[in-house]
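Chemist: Pasting a structure here, questions to come.
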Amino acid sequence: MKSIVILISGRGSNMEAIVRACTTEAWPARIAAVISNRPGAAGLDFAAQHGIATAVVDHKGFSSREAFDAELQRVIDGFSPDLLVLAGFMRILTPAFTAHYAQRMLNIHPSLLPAFTGLHTHARALEMGCKFVGATVHFVTAELDHGAIVAQAVVPVIAGDDEASLSARVLKLEHRMYPQAVRWFVAGKLAVSDGVVRHIDGEAQAFS
């Protein structure tokens with residue numbers, strides 16, 4: 009039985025999707041805790057209602073990124089996670105933190121990486137005239153929005169799309185893809201070689 013800790017900063021809709029999938033699909037795993045850097049994060053209420061332990065490590069109470077990450081790591085490790093999942097966790101993590109969880113920390117980013125790292129991905133894609141956008145699940149490294157790609161979802165841009173409509177369509181696919189990627193990890197189905205992630209049974213890692 010694998011132990012999963014999820015980090016959020018707000019509602020954590022991807023966290024909700026993972027919690028539901030873990031329960032309904034009877035994964036060989038449990039969500040040990042949901043942790044937020046913001047005391048008022050709505051996702052904490054959802055987690056508590058589902059019997060999941062919650063914790064807050066407020067980044068505003070620390071004088072440096074390193075000090076915050078050190079305390080966050082201490083709290084996370086209290087739950088002995090096999091996997092750390094970032095679900096809308098809006099903090100840039102230090103190299104020491106990412107090294108501690110190397111190859112056992114996943115993130116989802118709302119673009120087809122390596123394109124459009126950082127913020128405002130859909131607005132930037134529209135400005136560039138992209139015909140497709142999407143989302144990427146990847147292992148986390150010290151470099152922002154980089155790391156070996158586990159899965160990607162592709163969404164076509166249609167006439168009249170704006171940032172909000174595009175984001176909403178991508179998010180629907182995120183809610184399918186991210187739980188699947190986490191399930192693959194806990195089932196031991198992912199192999200990483202030379203920076204490339206492959207499903208050991210050949211299952212498709214692209215969603216649409």
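Numbering (this note's numbering), first residue to last: 9 to 216.
Positions of the beta carbon are idealized from the N, C-alpha and C atoms, including for glycine.
1. Could you spell out the range, first to last residue, of the beta strand (DSSP E) harbouring H117?
2. Roughly how many angstroms separate the alpha carbons of T31 and S44, rounded to a whole number?
3. Go through its chain and collect everything with a Cβ distance to Y186's Cβ below 7 Å, but skip five positions before and after it.
4. For a test of the three-state rule: what should DSSP assign to Q160, helix, strand or coil?
5. Could you give the distance in angstroms between the alpha-carbon of T102 and the alpha-carbon of L152?
6. Does R132 come out as helix, strand or coil in the three-state DSSP assignment?
7. I need the straight-line Cα distance from A78 to S201, nearest angstrom please.
8. Can you confirm whether the region 175–194 touches the region 95–115 when touching is taken to mean that 3 or more C-beta pairs between the two stretches lie within less than 8 Å?
9. Reducing DSSP to helix, strand and coil, say where A75 ends up.
10. The ligand FMN heavy atoms versus the CB of G155: any closer than 8 Å?
11. Quickly, what does DSSP pair L91 with across the bridge? List them, please.
Modeler: So, from the data block:
1. Position 109 of the sequence shown, counted from the start, is the residue given in the question as residue 117. Here the beta strand (DSSP E) through H117 covers M113 to H117.
2. The count along the sequence shown starts at 1 and reaches residue 31 at position 23. The count along the sequence shown starts at 1 and reaches residue 44 at position 36. Whole-angstrom Cα-Cα distance: 21 Å.
3. As a first step, residue 186 must be located in the sequence shown, where it is residue number 178. In chain order, N22, A25, I26, I116 and V145 place their CB closer than 7 Å to the CB of Y186, counting only its own chain and leaving out the 5 sequence neighbours on each side.
4. Working through the sequence shown from its first residue, we reach residue 160 at position 152. If DSSP states are grouped into helix, strand and coil, Q160 belongs with the strands.
5. Mapped onto the sequence shown, residue 102 falls at position 94. Mapped onto the sequence shown, residue 152 falls at position 144. In this structure, the alpha-carbon of T102 lies about 10 Å from that of L152.
6. The residue you call residue 132 lines up with position 124 of the sequence shown. Helix.
7. On the sequence shown, position 70 is the one that residue 78 refers to. On the sequence shown, position 193 is the one that residue 201 refers to. Roughly 29 Å between the two C-alpha positions.
8. The region 95–115, when compared against the region 175–194, does touch it at the 8 Å Cβ threshold.
9. The count along the sequence shown starts at 1 and reaches residue 75 at position 67. When DSSP states are grouped into helix, strand and coil, A75 belongs to the helix group.
10. Among the ligands in the structure shown, none appear at all, so the ligand FMN cannot be discussed.
11. By one-based count along the sequence shown, residue 91 stands at place 83. Residue pairing for L91: DSSP places it in a beta bridge opposite I12.
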